[in-house]
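Scroll down for the structure; my scribbles are underneath it.
In the working numbering, the protein residues as written are 290 to 418.
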């Protein structure tokens, strides 16, 4: 019998579709196909796309590399229809999910954890006896 869920309980199909949407978005943004002055001057990283169980909504987690996150997020929301059209052209699903964009905060969280691990008090506990 084929496995339809990951150990975390997520549907393999949802993960696959989310990854396809992420790949399309990253390609379109990386090639500079969106004619928006903000998006043309910023590098945007699409780290993850989560798709709702009914495949109607895809939430893309993005981060502006070396730029203003809020400005880039607003530009992505302005161009969501164009980006959805690009996703629709490259995928063969019954429905093309509506795109929502959220700021990816995992980079800040990783930075915070790294800072904690480099704290002298923690380094002392990790050292050899």
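Glycine is no exception: its CB is placed at the ideal position from the N, C-alpha and C atoms.
- Inter-residue distance for residue 320 and residue 305 is about 23 Å (C-alpha atoms, whole angstroms).
- Counting only the Cα atoms, residue 406 lies some 31 Å from residue 308.
- Along the length of the stretch 343-372, whole alpha helix (DSSP H) runs at least 4 residues long occupy 358-367, reported in chain order.
- Beta-carbon to beta-carbon, residue 303 and residue 340 are separated by about 5 Å, close enough to satisfy the 8 Å threshold.
- Residue 409 counts as exposed, since fewer than 16 other beta carbons sit within 10 angstroms of its beta carbon.
- With contacts defined by Cβ atoms closer than 9 Å, residue 375 and residue 313 form a contacting pair.
- Short of 6 Å from the beta carbon of residue 311, and not among the five residues preceding or following it, lie these beta carbons of its own chain, in chain order: 335, 338.
- Counting only residues of its own chain and dropping the five nearest sequence neighbours on each side, residue 368 has a CB closer than 6 Å to the CB of 323, 325.
- Around the beta carbon of residue 354, fewer than 16 other beta carbons sit within 10 angstroms, so the residue counts as exposed.
- In the structure shown, the three-state DSSP call for residue 337 is strand.
- Between residue 389 and residue 349, the gap from beta carbon to beta carbon is short of 9 Å.
- By the Cβ neighbour-count rule, residue 386 is buried, with 16 or more other Cβ atoms within 10 Å of its own.
- Ranked by Cα distance from residue 371, the first of 415, 318, 397 is 318.
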